[in-house]
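Comments concern the structure below.
Residue numbers (our numbering): 81 to 333.
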C-alpha cells in the first residue's frame with residue numbers, strides 16, 4: 081500500500097526545499113528556508129510514528145544537523161549525501177535506520193559493481209537504500225548523480241532494478257526534472273516503478289495535492305510510496321497539510 085514518507089533536506093546546515101537540479105557550489109534556487117532545526121522535524125515525525133523518511137545532505141556542512149536529526153529519532157530515518165564505505169557505519173551508529181547511496185556507486189557515469197561490493201563489505205543489504213534519482217532522456221529515465229547534474233549511462237529499467245534489488249532493501253527515486261516545482265508528479269515514471277520494482281520504493285518530485293497519494297497508489301498498484309516537499313505546509317507550502325498526510329497514513333495502515 082502507498083504511504084506518505086517524510087523528508088528532511090539539508091543545505092548549508094539548514095532545512096530547505098530547493099528546485100531540483102539547481103544546486104551548485106554557489107547555492108541553489110530555494111523555495112523554503114526553515115527557521116527550525118533539523119531535529120524539530122525528526123521529533124515531529126517520531127511523534128506521529130512516521131517511519132521510512134529520509135535525511136538528505138545536499139552538499140557539505142550538513143553533518144552536524146543530520147546527526148542531530150537522527151539523534152532525535154533513532155532508528156526512524158534514513159540518511160544520505162556523501163555516504164561511502166568509510167563513513168557508512170558511523171551514520172548507522174549515529175541512529176540512521178539505513179544509509180542512502182547514489183554518487184559513490186558511479187564512476188565516470190558508469191555503475192560500479194566493485195564499489196557496491198565494497199559498500200556491502202561494511203553494511204548489509206537491509207541497511208542500504210540505493211538512490212536512483214533520475215532525469216528524463218531519449219532512453220527513458222537515466223540515473224543522475226552529483227547533485228542531479230551528471231546524467232549516467234544507467235537507465236531505470238527492469239534489468240537494472242532486478243540486479244540492484246538483491247543488494248539493497250529499498251529504492252529512493254527523485255524525479256529531478258519536476259523536483260521542487262509543485263507542478264505534478266511524473267505519472268509515467270511512477271507507473272514504470274510500480275511495474276518493475278520488486279522491493280519497496282519511494283518516489284519524490286512534483287507532488288502538489290493530497291490526492292497525489294491516491295494517484296500514486298493507483299498508478300503503482302500500491303507498490304510506491306510518496307514524499308512531499310515544497311507543497312507541504314511544514315515546508316512553507318500552501319497546497320498540502322502535513323496533518324492530512326499523517327491522517328492518510330493512519331487510514332490505510
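Ideal placement from N, C-alpha and C gives every residue a C-beta, glycine not left out.
How about residue i and residue j: do their beta carbons lie closer than 8 angstroms?
i: residue 134; j: residue 157; result: yes
i: residue 215; j: residue 257; result: yes
i: residue 181; j: residue 138; result: no
i: residue 265; j: residue 244; result: no
i: residue 183; j: residue 225; result: yes
i: residue 319; j: residue 306; result: no
i: residue 199; j: residue 165; result: yes
Residue i: buried (16+ other C-beta within 10 angstroms of its C-beta) or exposed?
i: residue 154; result: exposed
i: residue 119; result: buried
i: residue 144; result: exposed
i: residue 242; result: exposed
i: residue 142; result: buried
i: residue 122; result: buried
i: residue 188; result: exposed
i: residue 238; result: exposed
i: residue 229; result: exposed
i: residue 115; result: exposed
i: residue 288; result: buried
i: residue 86; result: buried
i: residue 334; result: Absent from the structure is residue 334, since the part of the chain shown begins at 81 and ends at 333.
Got a sec? Which residues, its chain only, sit under 6 angstroms from residue i by beta carbon, not counting five neighbours each side?
i: residue 329; result: 83, 84
i: residue 321; result: 313
i: residue 317; result: 310, 311
i: residue 219; result: 235
i: residue 128; result: 326
i: residue 324; result: 290
i: residue 190; result: 233
Less than 7 angstroms between C-beta atoms, sequence neighbours within five positions excluded: which residues of the same chain meet that for residue i?
i: residue 273; result: 253, 281, 283, 300, 304
i: residue 176; result: 150, 157, 158, 159
i: residue 112; result: 96, 97, 310, 315, 316
i: residue 147; result: 174
i: residue 186; result: 192, 225, 232
i: residue 196; result: 185, 247
Got a sec? Which residues, its chain only, sit under 8 angstroms from residue i by beta carbon, not counting five neighbours each side?
i: residue 333; result: 81, 83
Item to check | Whole runs of the alpha helix (DSSP H) within the stretch 222-259, excluding any shorter than 4 residues | outcome: DSSP runs (the alpha helix (DSSP H)) wholly in the stretch 222-259: 238-245.
Checklist entry - Hey, is the stretch 242-252 in contact with the stretch 281-292, meaning 3+ C-beta pairs nearer than 8 angstroms? => result Per the Cβ contact rule, the stretch 242-252 is in contact with the stretch 281-292 (3 or more Cβ pairs under 8 angstroms).
Checklist entry - Is there contact between the stretch 198-213 and the stretch 165-174, where contact requires at least three CB pairs shorter than 8 angstroms? => result Cβ pair count under 8 angstroms is three or more, so yes.
Checklist entry - Do three or more CB pairs link the stretch 232-246 to the stretch 254-261 at distances below 8 angstroms? => result Contact between the stretch 232-246 and the stretch 254-261 is absent, because fewer than three Cβ pairs lie under 8 angstroms.
Item to check | In chain order, each alpha helix (DSSP H) run of at least 4 residues that lies wholly inside the stretch 123-190 | outcome: List check, alpha helix (DSSP H) in window: 143-152, 168-173.
Checklist entry - Which ranges does the alpha helix (DSSP H) cover as unbroken runs of at least 4 residues, wholly within the stretch 279-321, from first to last along the chain? => result For the alpha helix (DSSP H) assignment, the uninterrupted runs of no fewer than 4 residues enclosed by the stretch 279-321 are, from N- to C-terminal side, 292-299.
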